[in-house]
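There are 2 protein chains.
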Amino acid sequence: MKIDPNSNADLSAQIAKSIRDAIISGDLIVDQRLPSEAELSDQFDVSRPTVREALKRLAAQSLIRTQRGATGGAFVNKLSFEEAYPQQITTSTLLLSMNAVSFETACEARYTLERSCALLSALRRTADHLATMRAEIHRQSQPGLTDEAFCASDVAFHRALVDGAGNPVLSYQLAGAVEAMQPLMNMITFSARDRAKIIELHTTLADALEANNATGVDTALAGLESYTTNLAKSVMEKRKNKA
Amino acid sequence: MKIDPNSNADLSAQIAKSIRDAIISGDLIVDQRLPSEAELSDQFDVSRPTVREALKRLAAQSLIRTQRGATGGAFVNKLSFEEAYPQQITTSTLLLSMNAVSFETACEARYTLERSCALLSALRRTADHLATMRAEIHRQSQPGLTDEAFCASDVAFHRALVDGAGNPVLSYQLAGAVEAMQPLMNMITFSARDRAKIIELHTTLADALEANNATGVDTALAGLESYTTNLAKSVMEKRKNKA
DNA sequence: AGTTATTTAATTGTCTGGCATTTAAATGGC
DNA sequence: GCCATTTAAATGCCAGACAATTAAATAACT
């Protein structure tokens with residue numbers, strides 16, 4: 015654990031990198047306690063505040079957790095999928111907005127990835143996944159639902175579909191693509207007719223999944239993609255004409 | 015920008031969250047300068063070191079960048095795909111290793127996602143993408159190549175395939191799935207026969223891509239998946255018997 | 001002896017105040 | 001008008017201190 019005096023990066027960044035590398039390489043293992051802040055400042059020959067800044071950097075990435083008190087300290091954190099989800103979603107969301115990714119591009123990515131789960135999900139989905147999807151369809155058909163709530167339910171529906179593939183890695187990767195689209199989806203106002211069409215496609219999709227019909231799932235998803243894309247396109251068009 | 019005194023989270027975490035929320039909500043826009051550390055400590059009523067810890071947290075997520083000097087300060091950073099790549103890969107890698115995800119599960123996720131790009135890539139790949147893939151195939155067939163270099167070339171090959179889809183969102187999501195597998199792949203020793211088989215499949219794949227033959231690409235990828243999975247399985251088996 | 005209350009020590013969380021370094025802009029000299 | 005110098009604002013870093021938390025050691029009491 016050494017640092018390069020010729021680097022022009024912050025000391026705290028260098029120290030964070032050093033510790034991060036040790037974690038990635040397996041030099042530091044899960045739940046292992048790091049030296050105390052005082053010991054670290056000795057080892058790296060920097061002040062305690064600088065060490066603390068480095069530790070906060072790692073904490074921001076969920077690589078460590080800290081505990082106060084006598085037996086406290088910083089511990090290598092077991093990065094769980096649950097913990098990684100929100101970060102993945104935040105990053106994806108910001109990537110879309112800051113890089114002005116078009117609705118079409120984001121939508122294409124989302125459905126392309128999602129359709130890839132169709133085969134596995136049709137094969138492995140449990141009754142539980144199906145039940146969640148049916149429940150969300152029911153919620154979506156309730157009158158008086160706000161557009162935001164409708165979108166949130168849509169996300170939950172699609173997440174159940176993806177989770178049906180029974181592959182946590184797949185679920186994790188998809189979370190970013192699906193949930194990051196929510197801000198974009200929220201820009202659309204869904205008319206009653208739009209909702210009915212979407213619910214119809216969702217029902218077709220759930221039926222196909224129940225029948226273990228992968229092709230049917232794929233077709234329904236393709237339908238959803240084109241319907242959503244066209245909807246967004248017409249919304250943008252209207253907005254343009256108004257302005 | 016207020017903080018909750020009843021929260022049991024660190025002050026620096028609360029402040030970081032407050033600023034992060036402002037960025038996500040669009041309250042702070044790209045390249046906008048944050049108040050100076052002194053001003054922030056006044057606003058949040060905390061000391062400068064605490065503010066600094068908060069800023070380091072945000073820097074660790076590439077949400078801000080800092081600049082020294084007279085007109086310096088912390089600026090909202092435009093999160094680019096290039097910047098987000100390494101973080102995505104690091105997180106994915108740690109998720110796989112820390113959660114003891116099996117080779118099969120990771121492999122399935124990777125090829126499932128990758129196959130989803132086949133259609134788009136067969137449609138849109140440029141000559142450039144093809145050239146990269148051919149070049150990597152050539153590298154892979156060179157004798158004396160280490161297993162690590164072989165794997166690295168493999169990653170580059172597949173990245174060109176994914177990039178061929180011409181969708182940056184897709185490329186970003188795939189990076190995590192493909193590159194995070196490298197440590198797992200590096201556990202395999204590739205015999206000359208293995209390499210020949212993989213190169214053969216890569217060639218088939220490149221040919222199909224050149225002919226805009228999506229089905230061919232998909233078939234080749236399926237072949238790669240089953241071959242890789244079986245290879246890993248036999249390696250694990252041998253290792254088991256030895257021990 | 002066993003249980004409870006108290007003390008102690010270790011550790012993180014936070015603050016104060018200061019100095020060093022960097023950088024752009026203001027100033028001054030030519 | 002141009003170049004060198006100074007100045008001011010900002011981050012980077014440090015030293016030392018105190019508060020808060022927590023588990024373990026100790027003491028007190030039954």
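Residue numbers (the working numbering), protein chains in the order written: chain A, 15 to 257; chain B, 15 to 257.
Note that CB positions come from ideal geometry on N, CA and C, so glycine has one too.
This structure is a prediction, so every number in the text was calculated from the model and none was measured.
Counting only beta-carbon separations shorter than 8 Å, does residue 242(B) have a partner in chain A?
Stepping through the second sequence from its first residue, residue 242(B) is reached at position 228. Between residue 242(B) and chain A, the shortest Cβ-Cβ separation is not below 8 Å.
Within the chosen definition, does the segment 190 to 197 of chain B reach the segment 100 to 110 of chain B through at least 3 CB pairs nearer than 8 Å?
Yes: the two stretches touch, three or more of their Cβ pairs being nearer than 8 Å.
Is residue 28(B) close to chain A, meaning its C-beta is less than 8 Å from at least one C-beta of that chain?
Here residue 28(B) refers to the residue found at position 14 of the second sequence. Residue 28(B) does not count as touching chain A.
Simplified DSSP assignment, three categories, for residue 58(A)
Start at 1 with the first residue of the first sequence, and residue 58(A) comes out as number 44. DSSP places residue 58(A) in helix when its eight states are reduced to three.
Based on the DSSP output, what are the partners of residue 89(A) in its beta bridges?
Translated into the one-based positions of the first sequence, residue 89(A) becomes position 75. Checking the DSSP bridge columns, you'll see residue 89(A) partnered with 47(A), 79(A).
Under 8 Å Cβ to Cβ from residue 123(A), same chain only, skipping five residues before and after it: list those, please.
Taking the first sequence and counting its residues from 1, the one referred to as residue 123(A) is at position 109. Hits under 8 Å: 191.
Grab me the residues of residue 132(A)'s own chain with a C-beta within less than 7 Å of its C-beta, minus the 5 sequence neighbours each way, in chain order.
The residue given as residue 132(A) occupies position 118 in the first sequence. For residue 132(A), where only same-chain residues beyond five positions count, the Cβ hits under 7 Å are 228, 231, 232, 235.
Where residue 129(A) falls, given that 16 or more other Cβ within 10 Å makes a residue buried:
Against the first sequence, residue 129(A) aligns to sequence position 115. By the Cβ neighbour-count rule, residue 129(A) is buried, with 16 or more other Cβ atoms within 10 Å of its own.
Below 8 Å, how does it come out for the segment 214 to 227 of chain A and the segment 144 to 154 of chain A: are there three or more Cβ pairs, yes or no?
Output reads yes: the segment 144 to 154 of chain A touches the segment 214 to 227 of chain A.
Partner residues on chain B for residue 211(A), Cβ-Cβ distance less than 9 Å
For this step, residue 211(A) is matched to residue 197 along the first sequence. In chain B, no part has a C-beta under 9 Å from the C-beta of residue 211(A); the shortest such distance is about 25 Å.
Assuming residue 169(B) and residue 188(B) are in contact, meaning their beta carbons sit under 8 Å apart, how far apart are those beta carbons, in whole angstroms?
Translated into positions along the second sequence, residue 169(B) becomes position 155. Translated into positions along the second sequence, residue 188(B) becomes position 174. The pair is not a contact, with the Cβ atoms about 11 Å apart (cut-off 8 Å).
Spatial distance of residue 59(A) from residue 180(B) (CA atoms)
By one-based count along the first sequence, residue 59(A) stands at place 45. By one-based count along the second sequence, residue 180(B) stands at place 166. When rounded, the distance between both Cα atoms is 48 Å.
Does any C-beta atom of chain A lie closer than 8 Å to the C-beta of residue 254(B)?
Within the second sequence, numbered from 1, the residue matching residue 254(B) stands at position 240. Closer than 8 Å: no.
Same chain only: Cβ atoms within 7 Å of residue 120(B), ignoring 5 sequence neighbours per side:
What you label residue 120(B) is simply residue 106 of the second sequence in a count that begins at 1. Excluding residues within five positions, the ones whose Cβ falls inside 7 Å are 110, 195, 198.
Assumed close pair residue 138(B), residue 223(B) - CB separation to whole angstroms, cut-off 8 Å
Within the second sequence, residue 138(B) is the residue found at index 124, counting from 1. Within the second sequence, residue 223(B) is the residue found at index 209, counting from 1. Not a contact, Cβ separation roughly 10 Å.
Any non-hydrogen atom of the ligand MN closer than 7 Å to residue 146(B) Cβ:
Absence of the ligand MN is noted for the structure shown, with no ligands found whatsoever.
Whether residue 154(A) touches residue 209(A) by CB criterion (8 Å):
Counting from one through the first sequence, the residue named residue 154(A) turns up at place 140. Counting from one through the first sequence, the residue named residue 209(A) turns up at place 195. For residue 154(A) and residue 209(A), yes; Cβs fall inside 8 Å.
Name the chain B residues whose beta carbon is nearer than 8 Å to that of residue 108(A)?
Indexing the first sequence from 1 puts residue 108(A) at position 94. Going along chain B in sequence order, the residues near residue 108(A) (Cβ under 8 Å) are 37, 38, 77, 93.
Using CA atoms only, rank isn't needed, just tell me which of 75(B), 76(B), 74(B), 52(B) is closest to residue 65(B).
Along the second sequence, read from residue 1 onward, the residue named residue 65(B) stands at position 51. Between residue 65(B) and the set 75(B), 76(B), 74(B), 52(B), the nearest pair of CA atoms involves 52(B).
Spatial distance of residue 173(A) from residue 136(A) (CA atoms):
As a first step, residue 173(A) is located in the first sequence; it is residue number 159 there, counting from the start. As a first step, residue 136(A) is located in the first sequence; it is residue number 122 there, counting from the start. Distance from the CA of residue 173(A) to the CA of residue 136(A), rounded to the nearest whole angstrom, comes to 14 Å.
When you compare only the Cα positions, how much space is there between residue 88(A) and residue 70(A)?
Along the first sequence, read from residue 1 onward, the residue named residue 88(A) stands at position 74. Along the first sequence, read from residue 1 onward, the residue named residue 70(A) stands at position 56. In this structure, the straight-line span from the alpha carbon of residue 88(A) to that of residue 70(A) is close to 10 Å.
Contacts around residue 203(B), its chain only, beta-carbon distance under 8 Å, and the 5 residues preceding and following it disregarded
The sequence position of residue 203(B) within the second sequence is 189, counting from 1. The residues 161, 249, in chain order, have a CB closer than 8 Å to that of residue 203(B) in the same chain once the five nearest residues on each side in sequence are set aside.
Rank 127(B), 91(B), 35(B) by C-alpha distance to the C-alpha of residue 185(A) and give the top, closest one.
Here residue 185(A) is taken as the residue at index 171 of the first sequence, counted from 1. Of 127(B), 91(B), 35(B), the residue nearest in Cα terms is 127(B).
Backbone secondary structure at residue 159(A) - three-state DSSP:
Here residue 159(A) refers to the residue found at position 145 of the first sequence. The three-state secondary structure of residue 159(A), taken from DSSP, is coil.
Rounded straight-line distance, which links the Cα of residue 35(A) to that of residue 68(A)
For the purposes of this step, residue 68(A) is taken as the residue at position 54 of the first sequence. For the purposes of this step, residue 35(A) is taken as the residue at position 21 of the first sequence. Looking at the backbone, the Cα of residue 68(A) and that of residue 35(A) are separated by about 13 Å.
Taking residue 27(B) as the reference, give the member of 100(B), 83(B), 72(B) with the closest Cα.
Within the second sequence, the letter at position 13 stands for residue 27(B). Ranking 100(B), 83(B), 72(B) by Cα distance to residue 27(B) puts 72(B) first.
Taking any Cβ of chain A, which residues in the segment 129 to 140 of chain B have a Cβ under 9 Å from it, in chain order?
Taking a C-beta cut-off of 9 Å against chain A, the contacting residues of the segment 129 to 140 of chain B are 129, 130, 131, 133, 134, listed in chain order.
Contact list for residue 187(B) against chain A, beta-carbon separation under 9 Å
The residue given as residue 187(B) occupies position 173 in the second sequence. Those within 9 Å of residue 187(B) in chain A are 106, 123, 127, 187, 188, 190, 191.
Can you tell me which of 77(B), 85(B), 134(B) puts its alpha carbon nearest to the alpha carbon of residue 40(B)?
Stepping through the second sequence from its first residue, residue 40(B) is reached at position 26. For the options 77(B), 85(B), 134(B), the alpha carbon positioned closest to that of residue 40(B) is the one of 77(B).
Counting only Cβ pairs nearer than 8 Å, list the residues of chain B close to residue 71(A).
Taking the first residue of the first sequence as 1, we reach residue 71(A) at position 57. The answer, in chain order, is 70, 71, 73, 74.
In the DSSP assignment, the alpha helix (DSSP H) including residue 180(B) goes from what residue to what residue?
If you number the second sequence from 1, residue 180(B) lands on position 166. Where residue 180(B) is concerned, there is no enclosing alpha helix (DSSP H), given that its DSSP letter is neither H nor E.
Note the first and the last residue of the continuous alpha helix (DSSP H) segment covering residue 26(B).
By one-based count along the second sequence, residue 26(B) stands at place 12. Taken as a continuous stretch (DSSP letters only), the alpha helix (DSSP H) holding residue 26(B) covers 25 to 38.
Specify, as a first and last residue, the run of the alpha helix (DSSP H) that residue 212(B) falls within.
As a first step, residue 212(B) is located in the second sequence; it is residue number 198 there, counting from the start. Counting along the chain, the unbroken alpha helix (DSSP H) around residue 212(B) starts and ends at 206 to 224.
With a threshold of 8 Å between beta-carbons, can residue 67(B) be considered close to chain A, or not?
Numbered from 1 along the second sequence, position 53 holds the residue referred to as residue 67(B). The beta carbon of residue 67(B) falls within 8 Å of a beta carbon belonging to chain A, placing the residue at that interface.
On the premise that residue 113(A) lies in contact with residue 165(A), defined as a C-beta separation below 8 Å, what is that separation, rounded to the nearest angstrom?
Taking the first residue of the first sequence as 1, we reach residue 165(A) at position 151. Taking the first residue of the first sequence as 1, we reach residue 113(A) at position 99. Contact doesn't hold; Cβ gap of about 22 Å is too wide.
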